Amino acid sequence: MDYFCIPREESGYFKWFNIISIAGLVIYVLAIVNLGFARGIRPFSLVILAFAVLLAAASLITAFSVRYRVNFHLLLLLAAFIIGMKETHYVRTRALLSSGNAYNKRPRLDDYLKEWLDERVPLKGDSTKQYDVYFVLADGGASRSGYWTASVLGKLEDCSLTSHTYGRFSDHVFCLSGTSGGGVGVATFFALLRNKPVSKKSYYQSAADFLEQDYITYTLARMLGPDYFNYNSHLFKDKDRAAALEESFERSATNLTKTDYPMPFNDNFSTFKAFDEHGKIALPILFVNTTRMQDGNPGEVTNLQLDTSLFNHRVDVLGLLDTNQDISMASAAILGARFPYISPAGRIKNDYFVDGGYFDNSGAGVVQELLRGIMNSVYEDSLNGGTLCRQVRRLRFHVLHIVNSPVDLDSSNITAVRPINNDLFSPLLTILGAYDMQTTVNDRRLYNYVDDLRNIHDYNADHSIISLYEDSTEWPKDTLRVRFEKEPPYSMNWFMSDTTRRRIVERLGKQPVVNDLVKYITSH
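Here numbering that gives the first Met the number 0 is used: the first residue of the sequence shown is 0, the next is one more, and so on.
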C-alpha cells in the first residue's frame with residue numbers, strides 16, 4: 000500500500016478488493032483454458048468479467064506509471080508495434096505421417112460428372128426416366144445460418160429415408176456451396192453423410208444438437224485474454240481465438256447424445272474423398288467459400304480438383320498445403336467464416352484468408368461456374384460422340400438457395416444524403432453498398448443462367464429460395480404480427496438463445512418450399 004501511496008486506513012477495503020479480484024482472475028483463467036467452464040458462464044458474463052480484468056491490468060500499468068513517472072502505456076504500445084510483427088494467426092495444420100494428403104489426386108469435374116451420371120442415370124433400362132439433381136448454396140450468417148442450413152438439409156435427408164423409390168436426398172445432391180455460417184451448415188450436413196450406411200437416426204436432430212451449442216464464449220475468452228496480451232508477448236501464441244473457435248467445433252462433436260450420428264469434425268479433410276476406394280461416388284462436391292485478404296480473390300476449400308480456367312482462377316486453398324500437411328474439417332469450415340475481429344485472417348504460407356462473404360456471401364458464383372463446366376463437358380463429349388448429352392438431358396436441375404436474411408427488400412426508397420456525407424463518406428458508403436450488392440448480382444446471375452438453361456437450351460431446370468424469414472404473403476398471417484410491425488430479426492453470432500432456436504424450429508415446420516420438397520420426395 001505504501002508502494003502505491005494507498006492510505007493505510009483503507010487496508011480493509013484493499014484486502015477484500017484483492018481477494019475478490021483474485022477470485023475473478025481465477026474464473027477468467029479457467030474460461031480461457033477450459034471449454035466446458037467457459038460455456039458454463041455464458042457470453043455476457045464472460046465479457047463483463049474480461050473487461051474488468053483488462054481494466055485492472057490497465058490500472059496497474061497506470062499505477063506503475065505514476066510511481067516511476069514513466070508512461071508505460073506508451074512504451075507498451077510501441078513494443079506492440081515491434082513485437083506484434085510476428086504472426087500468431089496461422090491456420091492450424093496437422094502433420095501427416097502417411098503417404099500425404101493426396102489433394103493433388105482429387106477428381107476433376109468431368110471425371111466426377113461421368114461417374115455420377117453412370118451410377119444414377121445409366122443408359123441401360125428405362126432411358127426416359129427423369130432424375131432430380133440438386134445444387135445447394137447457403138448464405139452466410141454465423142450460427143443462425145449454420146443451424147438453419149443444416150436443419151433444412153437434415154430434414155430433407157430424413158424424409159427421403161421413408162421413400163422406397165426416390166432414394167436418398169443426398170444421392171441427388173451434386174454439390175453443396177456455402178459461405179461463412181452457411182459454409183459451416185453445409186459442411187455439417189456433408190460430414191454427417193459419412194454415416195450413410197446407417198439409417199436409424201435423424202440427420203436433422205444430429206445437426207441441430209451439434210450446432211445449437213455455445214461457440215462464442217470460449218472464443219471471446221481467447222480474444223479478450225491471450226490474444227490481447229500477444230501483442231506484447233508471444234507466450235500465448237497457441238491460444239489464438241480463431242483456433243479456439245475451431246477447437247470448440249472439434250470438441251463439441253464428442254458432446255452429442257447416443258441418439259445422434261457421430262460428427263467427424265475432428266477428422267482430417269483429406270479423408271472426405273469424393274470417390275471411395277472402388278472409384279464410386281462417396282460424397283457430393285463441397286465448396287467452402289473464402290476470400291484471400293491481400294487481393295480479394297475468392298478461394299475454395301473443396302474435395303474437387305479446381306480447373307483454374309473453368310473456376311475463374313479461384314484460389315485452391317488445399318493446394319497451398321504441403322503434401323505432409325492437412326487441416327481438420329472444423330478448420331476447413333471455419334476458414335470461410337473468419338469474419339472481422341472474432342476470427343482474424345488465417346495464414347497459409349503467404350496467403351491470408353478471411354470470410355467468404357467479402358466477395359460472395361452465398362456461394363452462387365462457384366455454383367454457376369460448376370453448371371457452366373457441366374454444360375462444357377456435355378458439349379465437348381458430344382463432339383466426340385459420347386453419351387453425356389443423353390444422360391444430362393434426363394436430369395431435372397434444381398438450384399436450392401438457402402437464405403437467412405429478409406427476402407422482401409425494397410430498393411425503390413433511395414433517398415438523398417446530406418452534403419457532408421457526400422463529401423466525407425461517399426467512398427465508404429459506396430464500398431458498403433457494393434459489398435452487399437455484389438452478392439445480390441451473383442445470385443441473380445445464377446438465377447438467370449438457370450432460366451437460360453430452361454428457356455433457351457430446353458433443359459428441365461428451376462431455382463428455389465428457402466428463406467428463414469417470411470415473405471410479404473406469409474407475414475400478414477403470422478400471429479407475431481399482433482405485437483410487431485415487422486418480423487423480429489434472428490440474432491447472428493456463434494451462440495443462439497433458446498428463443499431464437501425455437502423460432503427456427505417452428506419456421507422449419509411451416510416453410511412452404513421445404514414442405515413442398517418433402518411432399519415431392521415422399522410421393523415419388
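In this text, a Cβ means the ideal position worked out from N, Cα and C, and glycines have one as well.
From a predicted model like this one, the values you see are computed outputs, not experimental measurements.
- The Cβ atoms of Ser159 and Ile520 lie closer than 7 Å to each other.
- Per DSSP, Val398 is not a residue of any alpha helix (DSSP H); the beta strand (DSSP E) it occupies stretches across 394-402.
- By the neighbour-count criterion, in which a residue is buried when 16 or more other Cβ atoms sit within 10 angstroms of its Cβ, Asn420 is exposed.
- The three-state secondary structure of Tyr130, taken from DSSP, is strand.
- Per the DSSP secondary-structure output, Ile465 pairs in a beta bridge with Ile401.
- A straight-line Cα-Cα distance of about 7 Å links Asp350 and Arg291.
- The distance from the Cβ of Ala190 to that of Phe264 is about 6 Å, consistent with a contact at the 8 Å cut-off.
- Under DSSP, Gly177 forms a beta bridge with Ala137, Val287.
- Along the segment 263-345, the alpha helix (DSSP H) occurs as fully enclosed runs of 4 or more residues at 328-333, listed in sequence order.
- Of all C-beta pairs linking the segment 212-226 to the segment 146-159, fewer than three are shorter than 8 Å, placing the two stretches out of contact.
- Per DSSP, reduced to three states, the secondary structure at Phe352 is strand.
- Bridge pairing for Ile347: Asp350 [DSSP].
- In the DSSP annotation of this structure, Ala252 is not part of any alpha helix (DSSP H), being labelled neither H nor E.
- A buried status is given to Cys174, since no fewer than 16 other beta-carbon atoms sit within 10 Å of its beta-carbon.
- The beta-bridge partner set that DSSP reports for Asn459 consists of Arg395.
- By the Cβ neighbour-count rule, Tyr340 is exposed, with fewer than 16 other Cβ atoms within 10 Å of its own.
- Gly35 counts as exposed, since fewer than 16 other C-beta atoms from the protein chains shown sit within 10 angstroms of its C-beta.
- Taken through DSSP and simplified to helix, strand or coil, Tyr489 comes out as coil.
- Straight-line measurement puts the Cα of Phe248 at about 25 Å from the Cα of Ser466.
- Sequence-distant Cβ neighbours of Phe188 in its own chain, meaning closer than 6 Å and more than five residues away, are Ala149, Leu152.
- In this chain, the alpha helix (DSSP H) harbouring Asp110 covers 108-119.
- Under the DSSP assignment, Met374 falls in the alpha helix (DSSP H) whose first and last residues are 363-382.
- Only residues of its own chain outside the window of five on either side were considered, and among them Leu467 have a CB closer than 7 Å to the CB of Arg506, listed in chain order.
- Between Phe494 and Pro121, the C-beta spacing is not below 7 Å.
- In the DSSP assignment, Tyr357 falls outside any alpha helix (DSSP H), carrying neither H nor E.
- If you check the CB distance, Gly182 and Gly335 come in under 7 Å.
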